[in-house]
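Student:
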Amino acid sequence: MTHPLLTDEQIETFQREGVVLVKGLFKDHVETLRAGIERNMNEPGPYAAENLKEGEGGRFFDDYCNWTRIPEFEEVIRDSPAAEVAADLMGSEKVQMFHDHVLVKEPGTSKPTPWHQDGPYYFVDGVQNVSFWSPLDPVTEASLRCVAGSHAWEKPVLPTRWLSETNFYPDEDKYMPVPDPDAEGMDIREWQMEPGDAVAFNYGTLHGARGNTRNSRRRAFSLRLLGDDARYVERPGPTSPPFPGHDMKPGQRLREDWFPVIYQR
1 MTHPLLTDEQ IETFQREGVV LVKGLFKDHV ETLRAGIERN MNEPGPYAAE
51 NLKEGEGGRF FDDYCNWTRI PEFEEVIRDS PAAEVAADLM GSEKVQMFHD
101 HVLVKEPGTS KPTPWHQDGP YYFVDGVQNV SFWSPLDPVT EASLRCVAGS
151 HAWEKPVLPT RWLSETNFYP DEDKYMPVPD PDAEGMDIRE WQMEPGDAVA
201 FNYGTLHGAR GNTRNSRRRA FSLRLLGDDA RYVERPGPTS PPFPGHDMKP
251 GQRLREDWFP VIYQR
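Per UniProt numbering, the sequence shown starts with residue 1, numbered consecutively.
Rendered as structure tokens:
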């Protein structure tokens, strides 16, 4: 039985194009997530970052891996339909937690989120994965932008640091430079969204986000989940998130005491 929030056509679209809109995924949890983000911004974690250079207007805050210390996030991860919807989208028997991510663009933050794929930053290999990006404020002009089909490209895109704009790994042959989807006429998917709607996309899907030129803030909660084929893989440099001291070896499943199974068929 497919979850009521999904159709079989949406699942096929996600598999084929690497991105789909799921209406109302967190609609019953919007206030809880807003409270969690407030707590997160008041008590930032070790990975919290401000992503603007001196002179750039506004504020672009992000932080991740806080769900074990912010009870609002844990509640939503456990009680929302996200894990079950993820299992349907991925075609997976079980769903493992990877990490949460908060992104806040205050009014007048014109800086866009650079184009990138999440997968090359991570120490996870496998095609059964999904990232949910959910705005907690109305998105009247589309914000998150995803390139349909980019999860199936032969080469991954080289990950870069957003602030310094330096490369994450040595510039190896196995990575392609960051493309310009607008200039190259790529098939970009973007939607107007209500709070609690979610864009579901594969870790290999190239995506970015517009700046926030409105006079209201734009808060987003992201949830990264893994399926049956997720395995630890070593990258040519430190990963983001790093999860220091994880002690995993290439080819192993991710350790369930750190990355718990949150749904099982």
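For every residue, glycine included, the Cβ atom is placed at its ideal position computed from N, Cα and C.
Owing to the predicted nature of the structure, the values given are computational and were not obtained by experimental measurement.
Compute the distance between the beta-carbons of Pro241 and His29, then report whether it is under 8 Å.
Tutor: Within the sequence shown, residue 241 is the residue found at index 241, counting from 1. Within the sequence shown, residue 29 is the residue found at index 29, counting from 1. Against a cut-off of 8 Å, the Cβ pair of His29 and Pro241 comes out as no contact.
Student: If you compare alpha carbons, which of Val233, Gly18, Gly245, Leu206 is closest to Met90?
Tutor: Within the sequence shown, the letter at position 90 stands for residue 90. When only C-alpha atoms are compared, the closest one is Gly18.
Student: Would you mind listing the beta strand (DSSP E) stretches within the stretch 40-127 that are 3+ residues and don't spill past its ends, in chain order?
Tutor: For the stretch 40-127, whole beta strand (DSSP E) runs of length 3 or above, ordered along the chain, are 60-64, 94-105, 113-116.
Student: By the 10 Å Cβ neighbour count, where 16 or more other Cβ atoms means buried, how is Thr205 classified, buried or exposed?
Tutor: Residue 205 sits at position 205 when you count from the first residue of the sequence shown. It counts as buried.
Student: By the 10 Å Cβ neighbour count, where 16 or more other Cβ atoms means buried, how is Gln117 classified, buried or exposed?
Tutor: Within the sequence shown, the letter at position 117 stands for residue 117. Classification of Gln117: buried, given that the 10 Å Cβ count is 16 or more.
Student: Are the stretch 99-108 and the stretch 57-65 touching, with three or more C-beta to C-beta distances below 8 Å?
Tutor: yes
Student: With DSSP collapsed to three states, give me the class of Phe259.
Tutor: Reading the sequence shown from its first residue, position 259 is the one you call residue 259. Three-state result, Phe259: coil.
Student: What is the C-beta distance between Pro87 and Val95, in whole angstroms, given that I count them as a contact (C-beta under 8 Å)?
Tutor: Your numbering for residue 87 matches position 87 in the sequence shown. Your numbering for residue 95 matches position 95 in the sequence shown. First, the residue type needs correcting, since residue 87 is Ala and not Pro in the sequence shown. Confirmed, about 5 Å.
Student: Are there 16 or more other CB atoms within 10 angstroms of the CB of Asn42, so buried, or fewer, so exposed?
Tutor: On the sequence shown, position 42 is the one that residue 42 refers to. Exposed, since its Cβ has fewer than 16 Cβ neighbours within 10 Å.
Student: Compare the Cα-Cα distances from Arg219 to each of Glu256, Pro138, Trp191 and report the closest residue.
Tutor: Taking the first residue of the sequence shown as 1, we reach residue 219 at position 219. Of Glu256, Pro138, Trp191, the smallest CA-CA separation from Arg219 is found for Pro138.
Student: Is the beta carbon of Gly208 less than 8 Å from the beta carbon of Pro120?
Tutor: Position 208 of the sequence shown holds residue 208. Position 120 of the sequence shown holds residue 120. Not closer than 8 Å, so no.
Student: Can you tell me whether Gly208 is helix, strand or coil according to DSSP?
Tutor: The sequence position of residue 208 within the sequence shown is 208, counting from 1. DSSP places Gly208 in strand when its eight states are reduced to three.
Student: Reducing DSSP to helix, strand and coil, say where Arg16 ends up.
Tutor: Residue numbering aside, residue 16 sits at position 16 when the sequence shown is read from its first letter. Note: Arg16 maps to helix in three-state DSSP.
Student: Quick one: residues in its chain with C-beta nearer than 6 Å to the C-beta of Glu234, no 5 flanking neighbours on either side, listed in chain order?
Tutor: Position 234 of the sequence shown holds residue 234. The residues Pro250, in chain order, have a CB closer than 6 Å to that of Glu234 in the same chain once the five nearest residues on each side in sequence are set aside.
Student: Below 6 Å CB to CB, which residues in the same chain sit around Tyr203 once its five sequence neighbours on both sides are set aside?
Tutor: On the sequence shown, residue 203 is found 203 positions in, with the first residue counted as 1. For Tyr203, where only same-chain residues beyond five positions count, the Cβ hits under 6 Å are Asp118, Gly119, Asn129.
Student: For the stretch 224-234 against the stretch 146-163, do three or more pairs of beta-carbon atoms, one drawn from each stretch, fall closer than 8 Å, so that the two count as touching?
Tutor: By the C-beta criterion, the stretch 224-234 is judged not to be in contact with the stretch 146-163, since fewer than 3 inter-stretch pairs fall below 8 Å.
Student: Decide if Gln10 is buried, meaning its Cβ has at least 16 other Cβ atoms within 10 Å, or exposed.
Tutor: Looking up residue 10 in the sequence shown gives position 10. Gln10 is buried by the Cβ-count criterion.
Student: CB-CB under 6 Å to Ser80, same chain, minus the five flanking residues each way: which ones, in chain order?
Tutor: For the purposes of this step, residue 80 is taken as residue 80 along the sequence shown, with counting starting at 1. Taken in chain order, the residues that qualify are Phe26, His29.
Student: Give me the DSSP bridge partner(s) of Ala198.
Tutor: Mapped onto the sequence shown, residue 198 falls at position 198. Val22, per the DSSP bridge assignment.
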